[in-house]
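Engineer:
Residue numbers (the numbering used here): 81 to 1187.
Below you can see the structure in the form of structure tokens.
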């Protein structure tokens, strides 16, 4: 009713003297009737479309033929909202309609097909929905059809492809489904076909090769599958072919026909096989060639050097190998070259320096070596140089300071050395600089932010010296500042003009002096890490103004004074670590305002005044470290009241002089798994602690607890006996009546129980013994069955190309004679390893994993393996390819010439001489790889079986961790049994693994510590020299505690190097790291990130003494 009334008023306004509309022509009446369907009518139309006119020929957007019939209706970009009415069919003389870029909705009226004279239909950039009318195929004079950027669905009508003169079809950016009609090949006049960004499926019809006039073919961003038809080579007029983001496979057939006109070829994000066709070099007009993430292998063809008009070459994220062809230096027009994420080797060719138009060079995540050619540093237009994660060496030349357009340079994770030219930044508008994990020395250039454009400055894990340049504190654009793990000294700069800084990590240096109060000016910052420095003075109260701060770490410094209550203003703070300082006074109750806090570490300070009840009001707190302070008093009952503290996972109140009983309310901390109350004066029973069933560690040693240890804690007494000592009146019910004894609990006395209770003890021990025996029996039987099944299948293993879905698999099977035993180079807990030689430089290791399906199905397993394949780090073995069967999987890795660390340490004859610097590099590299798995992968990867056999050494004795993620794959296979779930190797498994199959980062740290001990001593983990049941951890720990003489512990071949005292000290430092890693209690072990820090510090200390 309202719409009708509005339209009536509109017609009234359009008419200056309405007596009748009969004077207006029929076409004019039709146009006014179309307006009835519009909700929003532009003012220009209201004033122009006058019903009193005899014809609409003077109206806005209307054009008439000589007979005053409407032949063009052009109303683009006017903001019209509504529907296109069926009355459009009455405009019989219409040849062109353009309603683009409005807000039309609803369906396209099928009556439009009655406008038989239409030559152009432009309805793009609207909100039309429904299907494309089949009746549009009746427009036999149509030459131009544009319906892009609507919400059209359904299939493409075949009738469209029967219109004889149609040369342009724009249907992109809709929701079209179904397949591309095969009769598309009938369109001899078709020039442009845009179907991208729909939901089209099926294959690309080979008949499309019959469209002899076709110049533009856009099929990207659909669900197309199958192969690219060979008939595309027939399209000798083709200028642009876009098929990226589909599911296409097979070899790329292009380049063999007449492709002289082809300028744009974009194939990215498909699953092709084979290599880059050499025939691409025949497409001499190519300006853009992109085949990113296409599963391509082999070498980059040198014929690409013939493409002298090429401006963009993207071949990233494939499996391309070999060297970068120097012929690419002939592509003089090239401005953007991206080859990252492949397996390219050798040196960067000097000829690339001939690319004077080059602006972007991305070669990161390959295996390139040698120096960056000097000629590249002279390319004056160079803007982006990204070469991280390679094996590049050398120094940065002075020429870098002359690159006026340089904005982004990333060299991290290489082996660059020397001093960075101090003029860097003066002539160029740098935005991102990342030199992480190299060996740079000397001062940080003072003018990196000279042009006030710098956003990211990341120089961590080098050997930089000196202080932070003052211009960093005046860098207005800076968002990330990471200078961690260097040898920087001096005081921190005043942060005067850094309003955009979001992240700061200056940890593990030697900065001194006070924390500048100007840090409070960083109003957008979310994370500040100043730990492991030599900072002194008070914590500035100005930090409380950092309302967006989420993480603050000031630990391991010399800070003193009170904890400022103003920190409660950091409302978003989730991690606060102020441990290992000299802070005193009481812990302010205002911390209760930090509702987002999950980690609070105030340990190793001098706080007093009792445990504040306010910290137990923090509902998200999971990690509370208050140990080694002077708090005094008792544990408040509020610790377990209400629901606020029930998310607490770790609670450390050790060494605080606490008195009284453990409150019964503690039992409410249902999530608590780590509890440390040692070294206090607590008394009473452990009853409340015994009801914490989630506990995996509890230390109550050196208190005055009394009475029996609760049954729920007995497993902890066995695992961590030292955690209960120092409580003279504490006893255990060891129940010898059941056939056992109290010898296993010798650190705690036995309670005086009745014989009946003692008898029960024998029953429990007998159950444990029987259970252990049955477990071992099933384990042996399980392994035997798997071995027999494996042997039975392996001899008859045949794989066809069809099953393997990869020609590479056929090559592998042929090279190993269908996995013949003669090619076996190792057998382990995770499967059998074969050596595969496909050529002089193509040697692989193939691991066969046995399983029967996967709990989440093959898709789940593929997802897991693809996750492993995406992990890239110089110290992690890289997955080259994989294949899955119902009963086994094949994983292909690069073969490591020097075998495993176990082979080098214990098996090689004669044993190779391993100087300390080699061992240190192996230790550090392994730690960096494991740290990457733990902290830089999302989700984090726990290895579960770190040992020398899983650390492979390349020709340079660089370590590469293997088998990461494999234990989890086997864990989640259908054949996983209780016996198979015990992942790890005897001698390398952490003590807590004796009572749980759960793996953790701490378990990996323990195993890594054992590997360190083997590196230092060159003794096996179980050596007869140790005697009895003593392993390498017990032997080293005992020998060190007795003598602290490093020479009696280490490999004798190292002793002659101790003439250099700095090497002896470094070996001692590494030994101490190993002992920390192999602590019985997981919470006492460092994280792998901390291990890397400690090893780096040990190495830098040695180098500084040499200097």
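Just so you know, even glycine gets a beta-carbon here, dropped at the ideal spot from N, CA and C.
Predicted model, so just to flag it, every value in this text is computed and none were measured.
1. Could you name each continuous beta strand (DSSP E) segment of 3 residues or more that falls completely within the region 947-1004, going from the start of the chain to the end?
2. Can you check the region 273-337 for any alpha helix (DSSP H) of at least 4 residues that lies completely inside it and give the ranges in chain order?
3. Please return the same chain residues whose Cβ sits closer than 8 angstroms to the Cβ of residue 263, not counting the five positions on each side in sequence.
4. Looking at the strands, I want to know which residues DSSP matches up with residue 755.
5. Are the beta-carbon atoms of residue 448 and residue 464 separated by less than 8 angstroms?
6. For residue 1176, does the count of other Cβ atoms within 10 angstroms reach 16, so buried, or fall short, so exposed?
7. Closest to residue 672 by CA distance: which of 280, 652 and 661 is it?
8. Just verifying my parser: in three-state terms, what is the DSSP assignment at residue 86?
9. Residue 1070 and residue 1166: beta carbons closer than 8 angstroms?
10. Would you mind stating whether residue 1034 and residue 976 have Cβ atoms separated by less than 8 angstroms?
11. Straight-line CA distance for residue 337 to residue 1170?
12. Could you have a look at residue 876 and say whether DSSP puts it in helix, strand or coil?
13. Among 928, 897 and 595, which has the Cα closest to the Cα of residue 917?
14. Tell whether a beta-carbon distance below 8 angstroms holds between residue 789 and residue 804.
15. In angstroms with no decimal places, state the Cα-to-Cα distance between residue 753 and residue 374.
16. Are residue 930 and residue 968 close, meaning C-beta to C-beta below 8 angstroms?
17. Enumerated in chain order, which unbroken segments of the beta strand (DSSP E) with a length of 3 residues or greater are wholly contained in the region 464-518?
18. Between the Cα of residue 740 and the Cα atoms of 726, 730, 716 and 748, which residue gives the shortest distance?
19. Return helix, strand or coil for residue 924, following the three-state DSSP convention.
20. Within the chosen definition, does the region 455-463 reach the region 423-439 through at least 3 CB pairs nearer than 8 angstroms?
21. For residue 259 versus residue 282, is the C-beta distance shorter than 8 angstroms?
22. So the beta strand (DSSP E) residue 1135 belongs to, where does it begin and stop?
23. In three-state DSSP terms, what is residue 917?
24. Considering only C-alpha positions, which residue in the set 905, 906, 586 and 924 is nearest to residue 892?
25. Going by C-alpha to C-alpha distance, which of 180, 179, 143 and 189 sits closest to residue 173?
26. Compute the distance between the beta-carbons of residue 624 and residue 599, then report whether it is under 8 angstroms.
27. State the CB to CB distance for the pair residue 440 and residue 412, rounded to an integer number of angstroms; the pair is presumed to be in contact (CB under 8 angstroms).
28. Less than 8 angstroms between the C-beta atoms of residue 330 and residue 355, yes or no?
29. Given 8 angstroms as the limit, is there contact between the region 762-773 and the region 1025-1045, that is, 3 or more CB pairs closer than that?
30. Roughly how many angstroms lie between the CA atoms of residue 1178 and residue 588, to the nearest whole one?
31. For the beta strand (DSSP E) holding residue 665, just list the boundary residues, first then last.
32. Kindly identify the DSSP beta-bridge partner or partners of residue 440.
33. What residue range is occupied by the uninterrupted beta strand (DSSP E) comprising residue 1041?
34. Which two residues bound the contiguous beta strand (DSSP E) that contains residue 704?
35. For a test of the three-state rule: what should DSSP assign to residue 1157, helix, strand or coil?
36. Grouping DSSP H, G and I as helix and E and B as strand, with all else coil, what is residue 172?
Structural biologist: On the basis of the data shown:
1. For the region 947-1004, whole beta strand (DSSP E) runs of length 3 or above, ordered along the chain, are 959-964 and 968-974.
2. Entirely contained in the region 273-337, not one alpha helix (DSSP H) run reaches 4 residues.
3. Mapped onto the chain shown, residue 263 falls at position 183. So the qualifying residues of the chain are 238, 241, 242 and 287.
4. By 1-based counting over the chain shown, the position of residue 755 is 675. Paired residues: 731 and 778.
5. Numbered from its first residue, the chain shown carries residue 448 at position 368. Numbered from its first residue, the chain shown carries residue 464 at position 384. No, the Cβ-Cβ distance between residue 448 and residue 464 is not below 8 angstroms.
6. Here residue 1176 corresponds to residue number 1096 of the chain shown, with the count starting at 1. Classification of residue 1176: buried, given that the 10 Å Cβ count is 16 or more.
7. The residue labelled residue 672 in the question sits at position 592 within the chain shown. Nearest neighbour of residue 672 by Cα position, chosen from 280, 652 and 661, turns out to be 652.
8. Within the chain shown, residue 86 is the residue found at index 6, counting from 1. Residue confidence for residue 86 is low, a pLDDT of 47 falling below 50, so the modelled location carries little weight; the figure read from the coordinates is stated next. Of the three classes helix, strand and coil, the one that applies to residue 86 here is helix, per DSSP.
9. Mapped onto the chain shown, residue 1070 falls at position 990. Mapped onto the chain shown, residue 1166 falls at position 1086. Their beta carbons are not under 8 angstroms apart, which means residue 1070 does not touch residue 1166 by this criterion.
10. Residue mapping note: residue 1034 aligns to position 954 of the chain shown, counting from 1. Residue mapping note: residue 976 aligns to position 896 of the chain shown, counting from 1. Taking C-beta atoms as the reference points, residue 1034 and residue 976 count as a pair closer than 8 angstroms.
11. Counting from 1 along the chain shown, the entry for residue 337 is found at position 257. Counting from 1 along the chain shown, the entry for residue 1170 is found at position 1090. Between residue 337 and residue 1170, the alpha-carbon positions lie close to 59 angstroms from each other.
12. Counting from 1 along the chain shown, the entry for residue 876 is found at position 796. The predicted model places residue 876 with a pLDDT of 35, which falls under 50 and marks its position as unreliable, so this point remains unresolved.
13. Mapped onto the chain shown, residue 917 falls at position 837. With respect to the C-alpha of residue 917, the residue from 928, 897 and 595 having the closest C-alpha is 897.
14. Counting from one through the chain shown, the residue named residue 789 turns up at place 709. Counting from one through the chain shown, the residue named residue 804 turns up at place 724. At the C-beta level, residue 789 and residue 804 come within 8 angstroms of one another.
15. Taking the chain shown and counting its residues from 1, the one referred to as residue 753 is at position 673. Taking the chain shown and counting its residues from 1, the one referred to as residue 374 is at position 294. Rounded to the nearest angstrom, the gap between the Cα atoms of residue 753 and residue 374 is 47 angstroms.
16. In the chain shown, residue 930 corresponds to position 850, counting from 1. In the chain shown, residue 968 corresponds to position 888, counting from 1. In contact: residue 930 and residue 968 (Cβ atoms closer than 8 angstroms).
17. At a cut-off of 3 residues, the continuous stretches assigned as beta strand (DSSP E) that sit fully inside the region 464-518 are 464-466, 471-474, 488-490, 495-499 and 512-514.
18. Residue numbering aside, residue 740 sits at position 660 when the chain shown is read from its first letter. Of the residues 726, 730, 716 and 748, the one whose Cα lies closest to the Cα of residue 740 is 716.
19. Position 844 of the chain shown, counted from the first residue, corresponds to residue 924. Residue 924 falls in the strand class under three-state DSSP.
20. Contact holds: three or more Cβ-Cβ distances are below 8 angstroms.
21. As a first step, residue 259 is located in the chain shown; it is residue number 179 there, counting from the start. As a first step, residue 282 is located in the chain shown; it is residue number 202 there, counting from the start. Between residue 259 and residue 282, the gap from beta carbon to beta carbon is short of 8 angstroms.
22. Locating residue 1135 in the chain shown gives position 1055, where the first residue counts as 1. Here residue 1135 belongs to no beta strand (DSSP E); instead the alpha helix (DSSP H) covers 1132-1135.
23. One-based indexing of the chain shown puts residue 917 at position 837. Reduced to three states, the DSSP call for residue 917 is strand.
24. Position 812 of the chain shown, counted from the first residue, corresponds to residue 892. Per the C-alpha coordinates, the member of 905, 906, 586 and 924 positioned closest to residue 892 is 924.
25. As a first step, residue 173 is located in the chain shown; it is residue number 93 there, counting from the start. Residue nearest to residue 173 within the set 180, 179, 143 and 189 is 143 (criterion: CA-CA distance).
26. Looking up residue 624 in the chain shown gives position 544. Looking up residue 599 in the chain shown gives position 519. Between residue 624 and residue 599, the C-beta gap is not smaller than 8 angstroms, which leaves the two residues out of contact.
27. In the chain shown, residue 440 corresponds to position 360, counting from 1. In the chain shown, residue 412 corresponds to position 332, counting from 1. Taking the Cβ atoms as the reference, residue 440 lies roughly 16 angstroms from residue 412, outside the contact range of under 8 angstroms.
28. To locate residue 330, count along the chain shown from 1; it is residue 250. To locate residue 355, count along the chain shown from 1; it is residue 275. Residue 355 is positioned such that its CB atom lies no closer than 8 angstroms to that of residue 330.
29. No, they do not touch.
30. The residue you call residue 1178 lines up with position 1098 of the chain shown. The residue you call residue 588 lines up with position 508 of the chain shown. Approximately 12 angstroms between the Cα atoms of the pair.
31. Numbered from 1 along the chain shown, position 585 holds the residue referred to as residue 665. From DSSP, the beta strand (DSSP E) with residue 665 extends over 662-666.
32. One-based indexing of the chain shown puts residue 440 at position 360. DSSP, once it has assigned bridges, lists 416 and 464 as partnering residue 440.
33. Position 961 of the chain shown, counted from the start, is the residue given in the question as residue 1041. For residue 1041, the enclosing beta strand (DSSP E) starts and ends at 1039-1041.
34. As a position in the chain shown, residue 704 is number 624, starting the count at 1. Going by DSSP, residue 704 is part of the beta strand (DSSP E) stretching over 703-705.
35. Taking the chain shown and counting its residues from 1, one reaches residue 1157 at position 1077. Residue state, collapsed to three classes: helix.
36. Position 92 of the chain shown, counted from the start, is the residue given in the question as residue 172. The three-state reading of DSSP puts residue 172 in coil, since its state is none of H, G, I, E or B.
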